[in-house]
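Here's the structure, in structure tokens; my notes come after.
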Amino acid sequence: MLEKIRNSFRNAMSGSESEKNLLFWWGGLAYLASYFLINPLIIKSNIAWFDFILSFVSVIYFCWHIYVLRKSRPKKPKLTKSEKKMMQIKARQELPKKIMRKLLLKEPFTKWSNVSIAMTIDFLCVTHFLTYIL
Numbered sequence: 356m357l358e359k360i361r362n363s364f365r366n367a368m369s370g371s372e373s374e375k376n377l378l379f380w381w382g383g384l385a386y387l388a389s390y391f392l393i394n395p396l397i398i399k400s401n402i403a404w405f406d407f408i409l410s411f412v413s414v415i416y417f418c419w420h421i422y423v424l425r426k427s428r429p430k431k432p433k434l435t436k437s438e439k440k441m442m443q444i445k446a447r448q449e450l451p452k453k454i455m456r457k458l459l460l461k462e463p464f465t466k467w468s469n470v471s472i473a474m475t476i477d478f479l480c481v482t483h484f485l486t487y488i489l
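Put into structure tokens, the structure is as follows:
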């Protein structure tokens, strides 16, 4: 079990870990642990150095998670100038249809990927635990 965790950590640091593992195992479980375990410990504890250590470790972990999510995000392919021009022409042609679909609520106004949502939650956790430090 420890070997699987170690291999997953190494893959995450190299940017080759799967999105599912990063979001569920490294993200979801950490969100639950920080909400149900670490945060109540910090609130109930009256020992300043203990609160500082728990908060500091949480901030470091969530910063690491943001780094790993950014590193393992799929890369956009490099396009030539002609390919970019063709994409722009195609986007201009589809723009009125896209606006109409959004106005009729057939398509969402904003599209967020799972990685972007996880990074937003990580930023929230970092700022939350920084309030205990500062």
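Counted from 1, the sequence shown has number 402 at position 47 by this note's numbering; the numbering is strictly sequential. Ideal Cβ placement from N, Cα and C applies to all residues, glycine included. All of these numbers come straight from a predicted model, not from anything done at the bench.
- In this structure, the alpha-carbon of T435 lies about 14 Å from that of I444.
- The criterion of a C-beta distance shorter than 8 Å is satisfied by N469 and L378.
- Taken through DSSP and simplified to helix, strand or coil, I488 comes out as helix.
- Judged by DSSP secondary structure, N362 falls within the alpha helix (DSSP H) whose first and last residues are L357 to S369.
- The closest CA to that of S371, considering only I415, L424, S410 and G382, is found on L424.
- The way I'd put it, the stretch 428-442 doesn't touch the stretch 388-398; fewer than three beta-carbon pairs between them come closer than 8 Å.
- Contact between the stretch 407-419 and the stretch 450-470 is absent: fewer than 3 CB-CB pairs across the two stretches fall below 8 Å.
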